[in-house]
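Take a look at the structure set out below.
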């Protein structure tokens, strides 16, 4: 009587678990396990941050370095994002100076702009910059506020060349002008869009004529 051929792992008729391997080891064995003591008690974390103790929490090293380099700026309010990176607000007239420092300072080295976007707070506009550094795990969010009557921010294309298209999008959607941008023009809206139309502003009104909706009979 011929013996039944053994099914290959993962094929029909085979009930054995499939193991993904890495360097001739099962993946679960190849991955390093976290060392003991790496999980922090939430209460201990709050105490370390100064919460509930009446003590001032220790300044983030990035914020501390900025305050050291620019003693006339407070960089307030200071908060933290969900991933733990600090948030600082920089005056618009000092932003280009601070941006160059963030990139060139050896202790910071924020040489990568991962994102830039505009925000409308009705009474004012804001530009939000997400910064990273190649080779280290530090993150920083910078917010720059501008008035709606004259929303102009210095371009950071010379600092982070990747900002070019991000700034064009913020200009197109919010009407924020980036002085010094080499090619500041609309990027999403068609070129015949009126100069005062910015679709992501809260006061935006769709001026297109309403078309009658036709429903096909079934």
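Numbering (the UniProt record's numbering), first residue to last: 1 to 218. Each residue gets a CB set at the ideal place from its N, CA and C atoms; glycine is no exception.
Going along the chain, which residues of its own chain have a beta-carbon closer than 7 Å to the beta-carbon of residue 210, five neighbours each way excluded?
none
For the beta strand (DSSP E) that contains residue 178, what are its first and last residues?
177-179
Mapping the DSSP letters down to three states, classify residue 168 as helix, strand or coil.
helix
Check residue 127 in the structure and name its three-state DSSP category.
strand
Between the alpha carbons of residue 69 and residue 107, how many angstroms are there, rounded?
11 Å
Through-space distance from residue 130 to residue 206, alpha-carbon basis
31 Å
Looking at residue 110: is its Cβ nearer than 9 Å to the Cβ of residue 116?
no
For residue 38 and residue 65, I'd like the C-alpha separation in whole angstroms.
Residue confidence for residue 38 is low, a pLDDT of 34 falling below 50, so the modelled location carries little weight and cannot support an answer.
Could you work out which residue in 173, 218 and 159 is closest to residue 201 when comparing CA atoms only?
173
Determine contact between the region 85-95 and the region 141-160, defined as no fewer than three beta-carbon pairs at a distance below 8 Å.
yes
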